Amino acid sequence: MNALPPLLQVREVSFVRQGKTLLAPVSFELHRGEFLWLTGPSGAGKTTLLKIIASLLEPTGGEVLFHGQPIVALKPEPYRQRVSCVFQTPQLFGRTVCDNLSLPYQIRQQAVDLQHLGRELRRVNLSEEMLDKSVEQLSGGEKQRVALLRHLQFPPEILLLDEISSALDEANKLTVQTIINQQVSNGVAAIWISHDSHEAEDGRRRITLRPDGQEGRHGSA
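In UniProt numbering, the protein residues as written are 1 to 221.
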C-alpha cells in the first residue's frame with residue numbers, strides 16, 4: 001500500500017449523454033511511478049474516462065482530483081502539461097515532424113536542439129531524416145510514435161495512453177513499452193488503454209470497465 005498522497009483521485013466518475021450511459025461510475029487512485037492498465041469491451045467508456053482525466057470532457061457525475069484539487073478548478077493549459085494524453089489516432093500539428101517535436105519547446109519559449117530531436121526519433125526506430133517529412137505522409141504507426149515523443153519532450157506527471165501501439169508491429173510495440181516502462185521507473189504515472197488481453201496480463205494493476213458498471217480489478221494495488 002502506498003503511503004504517499006495520490007497524484008490522481010477518480011471518485012465515482014460517470015458520463016451520461018442524451019440519456020445513454022457512456023461511462024458507469026468508476027473510482028480509483030493513482031500514485032507517482034504507478035502503472036495502470038485500463039481494459040474492457042468497446043463501449044465501456046475507456047476513452048471517455050481518459051478524456052475526463054485529461055480535462056477534455058467534464059463528467060456528469062463524480063469528480064477527478066489532481067494533488068487533492070478538483071481539476072475543474074485548475075487552469076486547463078498548465079494542467080494538460082502535467083497530465084498528458086496520447087490518443088490512438090493522434091492529432092499532429094504544423095507541416096512536418098520537426099514542427100511537432102519542436103512544439104513543446106516553443107510553448108515553453110525554449111531553444112530547439114535539432115540533433116536532440118534526431119536522437120529522439122531513433123529511440124522509436126525512426127530515422128532523423130524524418131524531421132523534414134510531412135505529417136501527411138506518415139503511416140498510422142509513425143504518427144503514434146511521433147505523438148508519443150512530442151508528449152515526452154517534457155515528461156508529464158501523468159501519462160494517459162489510448163491504445164498508442166495499435167498500429168505498430170511487435171518490434172515497435174516492444175520499443176514503445178520499454179520507453180513507457182522507463183518513464184514509470186523515473187516517477188511518471190501512466191494509464192494505458194489496451195484491447196490486447198495478453199498485453200494487459202503482465203501482473204501489473206488493471207481495471208476493467210464494463211458497460212453494466214460492474215468494474216473489475218486485477219493485479220497489485
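Positions of the beta carbon are idealized from the N, C-alpha and C atoms, including for glycine. Fair warning: this is a prediction, and the values are worked out from it, not measured in the lab.
In this structure, DSSP gives alanine 54 a state outside helix and strand, which the three-state scheme calls coil. Collapsing the DSSP output to three states places lysine 75 in coil. DSSP places arginine 17 in the uninterrupted beta strand (DSSP E) bounded by 8 to 17. For valine 26, the enclosing beta strand (DSSP E) covers residues 20 to 30. A Cβ-Cβ separation of about 6 angstroms places glutamate 12 in contact with glycine 61 under the 8 angstroms criterion.
The beta carbon of leucine 92 lies closer than 7 angstroms to those of Asn100, Val135, Lys143, Val146 and Ala147 in the same chain, with the five residues before and after it left out. Residue state for valine 146 is assigned as helix, using DSSP reduced to three classes. Spatial neighbours of leucine 168 in its own chain (CB-CB distance under 7 angstroms, excluding positions within 5 residues in sequence) are listed in chain order as Gly141, Gln144 and Val176. Nearest to histidine 195 by alpha-carbon distance, out of Asn186, Arg206 and Ser185, is Arg206.
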